[in-house]
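Each residue of the sequence shown is one higher than the one before, counting from -14 in our numbering. Heads up, the beta-carbon is just placed ideally off N, CA and C, and yes, glycines get one too. Keep in mind that this is a model prediction, so the values were computed, not measured. Report on the following structure.
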Amino acid sequence: MKEDNYRNSEVEMITNQVWKSMSLLRGILPVEHHHVYLFLLSAYYDGIIKSVHIDFSNNLHHYLFSSLEREEQYSEILNVYKPIIDSIPEERLNEVLHHFTMFNNDVLYQYFDKIFDDLLFRLADNQGKYSGEFLLPNEISKFVIEIADIPSRASVFNPFAGLASFATHLDSNQRYYGQEIVNSTWALGMLRLMRLNKHTQIKYRVEDSIQNWPESEDFDLVISNPPFNYKIDPYIAHNFGRKKMTAETYVIHRGLESINFDGKVACVISQGILFRGSDDQRLRESLVEQGLIETIVSLPSGMLKHTGIPVCIMILTRKKNINNTIKMIDASSFVESKGKREKRLEVDRLLEHLFKFSQSQAVVEVPIEQIRQNNYNLNVQRYFVIDFNGEPLIKFVKRISGKRVGKENAVTGKFIRTSNLKDNDVSYQLDLTEIKERELPSHSIKIEKDCILISTRWKSLKPTLFEYKGEPIYIGIDLLAIEMYSENFEVNPHYLISELRSPQVIKQVTGFQNPGAITSLNRADFFAIKIVLPSIEEQKAKVQGILELSEKFKILQRERNLLAHGKQVKSFDEFASLKHSLGAPRQNILSNTKSLIRFFENNNSEAFLEVKSLYKNTYGNNLTEDISQIKNDINHISSILEKGEQGLVLDNYDLTPISLKDINKLLTSLKKSSQNFTLHFDKASADEVKGKAIIANITLFEILLNNILSNASKYAFEDGNELNLLVIELKVTEDIMILEIRNNGKPFPRNYDKQKFSAKYTTANPTKGTGLGGYDINRIATYFDNEEWELNLNNEEVFPVTFKFSFPIIPMINE
C-alpha cells in the first residue's frame, strides 16, 4: 500500500510538473492550440523526438517534421499540428523540448497514459465551456458503455464523436467507427486513442455525421452525445416526416435504423426531449407504444462542462420490450459534488446498485400503461413520487379564472411575479405596499377576490395569501390563483398554506416538475398533489401558533418601517455644487457623442469609409461602437452621481431581480479597458438563461466587472500581444449562476492573496493604482451576498488569475 501511495504521489508530482511546463506556450500560442504540447510530449514518449537531438544548434522544426512524417500514426495527424508548431519560435520550441528531458522519465513512461488523460482534462478545464462540447467526463462515457451491455465482439458506431470518449472504454476486440467534423478535435482524439492503445480496432474519421451517416444496418450499438439543440436541415427533417429536427432526435431516428435486431441506441441528451410537447411528444408516444425504450437514466444539472441543463441517458432497442415496462433510474443520489462547480457520477457505486436491485429508491420499472396515463411524459422524477393516503387538491380547491387584460387594454396595475410571492412559514401574506404599479402585459389576469397564489415554476409553490380589499391584482401565466370550493371538505386557508410548504408536498412538486431551463409544473399535476386533511378543528389548532407568530411579525415589521421612514439623509452643499458643475460637461459629451454617432452612421462616402476602415485596422474596433460606448459610460457615471454625495454607498443601490438575459446582454456589451488584451465572452445559451434571475443591482454589477477589467489592464498585461486573453464565462445551472473571469497575463506577486487584494489602499503595484479597485470588488460582491467569492492566483499555468462569483438563481418568468 505504501508503494502505491508513493507511486501515486510521484504521478501527481510529475503531472503537475508537466502541466507547469505547458506555460511556456503562454504568449506564444492561443489557448485553444495548447494541446500541441500533448502531441510533442507523446512523440517524445514514443521515442520519435530523442533527447540527444534536442539542441538549439539544430533546425528543430525540420528535425521534428522529418521525424514525424516517417511515423505512420503521427504523419496522419501532422497536417493539423504542423502549422501550430511552425508558429512556435525555435528558441521557445527548444525550451519546451528541453523540459521533457528534465522529467522523471521512469515514472513518465510507466504512467504516461494516465498522465496524458489527466493533462487533457486539465486543458479542457482551461478552455471552459467550449471544450465540454467534445469531451465527455470519463465516468459518464464509462457508465453509458456499461449500461448498454453490448456483446464482447460488438460493432459500435459513434456519430458526433468529439474526442472519442466512448471508444476509450471499449474492449480491444470491439470494433469502433467514429465521426468527428472538426479537424483539430479529430486530431486530438486520434492522439488520445493512440495513447490508450485503442486505435487498432478503430475507424475514426473526419466526417459530417448528418451528411455521411453509414448505410450499415448491422451495428450492435449506436452511441452518441449529439450537440444539444443543434438544428438539422429542414429538408432532412422532412424525410422523417417532421418540419424541424435536432441532432438529438436525428440520432434516435437514424440510430434505430442502423442497429441489428439485438442492437441498441445509447444517447446522452438534454432532458427536454422527455417532456416537451409537439414533435417531441409524438416521438415519445411512438417510441413508447412500439416498446423501443429500454432504459432512461436521469442525471442532475452541472454534469457536463459546456452546459448547466440536466441531461439524461436514453437506451433504445429494436427488439420490442415484452415486459411492457421502461426502466427509470434516478442517478442524483450517486453524484458527488466537488466544490460549487464540479459534479461527478460515482459510476462504480451506481453500477453495483443496479446489479443488486431491480427496484429501489433509485430504480423503478414503470408500466407502459402508467406512462400513457401521464400523457407520455417521461420525466424520470415523476415516477419516483411516493403515493400516500391523502386527499388530492382537486377535491377541495379550484382555480380562479379571472379576467384577461388583453392587447387592446393598455392599463397599469399591480402585476404580481413569482418573486413577489412569499417563501416564509410565518409571513405569507401579500403586501401590496411592496409592489409598484406598472404597465400590464397583455396576458395578465385580473384577480378581485381572496385567494391563495401559487407559483407553478421553480422548486417551491410559494403559497401566498391575498386578501382582497378593493384593489385588484394581476397575475401572469406562471401563477395560479386558487380558492376553496368543496361542500364535502372544510379547509382552513392558513392550514392549506402550511401544508403546501411541507416536505411531503415539496417532494411531490419536485417529482411532477419538468426540469430544464425553467422547472415547470402543469396545472393538472398541481391539482393531483395530495395533502393530509384532518378535521377543521385540528386544522385550526395546528395553525394557531403560526397565526400568533405572524401577528408578532407584522408588529415588528410596522415598527421597522416607521424607523426607516423617520431617517433623513442630508445632502452636502459641496456635492450638490460639484454635481451641478459637472452637469453641463456631461450633457455636452452626451450630445456630441450622439451627433458623432449619427454623423458616422449616416455617411457612407469614400472618405468616411476610409476613416472607419483605418480606425478598425488600427484599434480592431468599430468606430461608431466605441463612440456609443463613450455615451454609455457617461450615462453610467451619471447614474452613480445621482445616487448622492456619499459616493459609492452600496445601500443607495437597491437589490432587485436582474434577469440573466440582461446579464448576458451586459457582458456582451463590455469593452476592454485598453488595447492590451483580447476580451472573449462565453455566454450562456438562451435556454439556460430563460426565466432566470439573480438578486443584484445592474449598476453595481457593471462597476464590479469594470474594476476587474481595469485591474487586468493595469497589472496583467504590459504590452499589446495579440495572444493576451481575458475570458469571461457564464455558466448557469438550475440553482446557481457562476461568473468566472480569467486572464493569461502576468501572475500576481508570490504570497499575494484575496485578503491583500481586498484590503483598502493595498495594491500589488503602487505605481499603477491605489488599491481601491480590489476593495470595491470585494464589498460589492459581499453586498450581493457573495462574500465567499473566489480569487485563484497563480495556481494555473495557462490562466494564473481567476475570479469566480456564484449567485443563487431566482425565477423571472415574465421578462
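- Of the residues Tyr604, Asn617, Asn607 and Val596, the one whose Cα lies closest to the Cα of threonine 578 is Asn617.
- Counting along the chain, no alpha helix (DSSP H) covers glycine 262, and no H or E run does either.
- Of the other Cβ atoms in all chains shown, fewer than 16 fall within 10 Å of the Cβ of glutamine 275; this residue is therefore exposed.
- Within the same chain, Cβ atoms closer than 8 angstroms to the Cβ of glutamate 468 are found at Val382, Lys383, Ile385, Lys434, Asp435, Cys436 and Ile437, the five residues on either side in sequence being excluded.
- Distance between serine 404 and valine 396, taken at the CA atoms: about 22 angstroms.
- The three-state reading of DSSP puts phenylalanine 662 in coil, since its state is none of H, G, I, E or B.
- Between leucine 415 and threonine 449, the C-beta gap is smaller than 7 angstroms, which places the two residues in contact.
- Rounded to whole angstroms, the Cβ separation of valine 16 and asparagine 706 is 13 angstroms, and the two are not in contact under 8 angstroms.
- In the displayed model, proline 74 falls within coil according to three-state DSSP, outside both helix and strand.
- Per the C-alpha coordinates, the member of Val21, Ile(-1) and Leu689 positioned closest to leucine 9 is Val21.
- By the Cβ criterion, the region 724 to 738 is not in contact with the region 296 to 309, since fewer than three pairs of Cβ atoms, one from each stretch, lie closer than 8 angstroms.
- Residue range 508 to 513 is occupied by the alpha helix (DSSP H) that includes phenylalanine 511.
- According to DSSP, arginine 486 shares a beta bridge with no other residue.
- The region 350 to 426 is shown to contain whole beta strand (DSSP E) runs of 3 or more residues at 382 to 384, in chain order.
- Fewer than three pairs of CB atoms, one per stretch, sit closer than 8 angstroms, so the region 712 to 720 makes no contact with the region 759 to 769.
- Leucine 206 sits away from glycine 174, with the two beta carbons spaced by 7 angstroms or more.
- Between phenylalanine 512 and isoleucine 371, the gap from beta carbon to beta carbon reaches 7 angstroms or more.
- Residues of the same chain with a CB within less than 6 angstroms of the CB of threonine 280, apart from the 5 flanking positions on each side, are Ile300 and Lys312 in chain order.
- Contact between the region 257 to 265 and the region 90 to 108 is absent, with fewer than three C-beta pairs closer than 8 angstroms.
- For glycine 163, DSSP records a beta bridge to Asn143 and Tyr189.
- Residue environment for aspartate 761: buried (at least 16 other C-beta atoms within 10 angstroms of its C-beta).
- Proline 796 carries a strand assignment under DSSP once its states are collapsed to helix, strand and coil.
- Contact between isoleucine 582 and serine 613 holds: their C-beta atoms lie close to 6 angstroms from each other, under 8 angstroms.
- When secondary structure is reduced to three states using DSSP, phenylalanine 151 falls in the helix class.
- For aspartate 647, there is no enclosing beta strand (DSSP E); the residue is part of the alpha helix (DSSP H) that begins and ends at 645 to 654.
- Secondary structure of aspartate 102 (DSSP, three-state): helix.
- Note: lysine 789 is bridge-paired with Glu725 and Glu775 in the DSSP secondary-structure output.
- Residue pairing for arginine 442: DSSP places it in a beta bridge opposite Ser505.
- One alpha carbon belongs to glutamate 192, the other to glutamine 164, and they sit about 5 angstroms apart.
- With 16 or more other Cβ atoms from the protein chains shown falling within 10 Å of its own Cβ, glycine 759 counts as buried.
- The region 237 to 248 and the region 327 to 345 do not touch, with fewer than three beta-carbon pairs separated by less than 8 angstroms.
- DSSP places threonine 310 within a strand segment (E or B) once states are collapsed to three.
- In this structure, isoleucine 721 lies near serine 791, with their beta-carbon atoms less than 7 angstroms apart.
- In this structure methionine -2 is exposed. Its beta-carbon is surrounded by fewer than 16 other beta-carbon atoms within 10 angstroms.
- Judged by pairs of C-beta atoms under 8 angstroms, the region 515 to 526 does not touch the region 454 to 471, as fewer than three such pairs exist.
- Annotation: asparagine 90 to leucine 26 spans about 12 angstroms, alpha carbon to alpha carbon.
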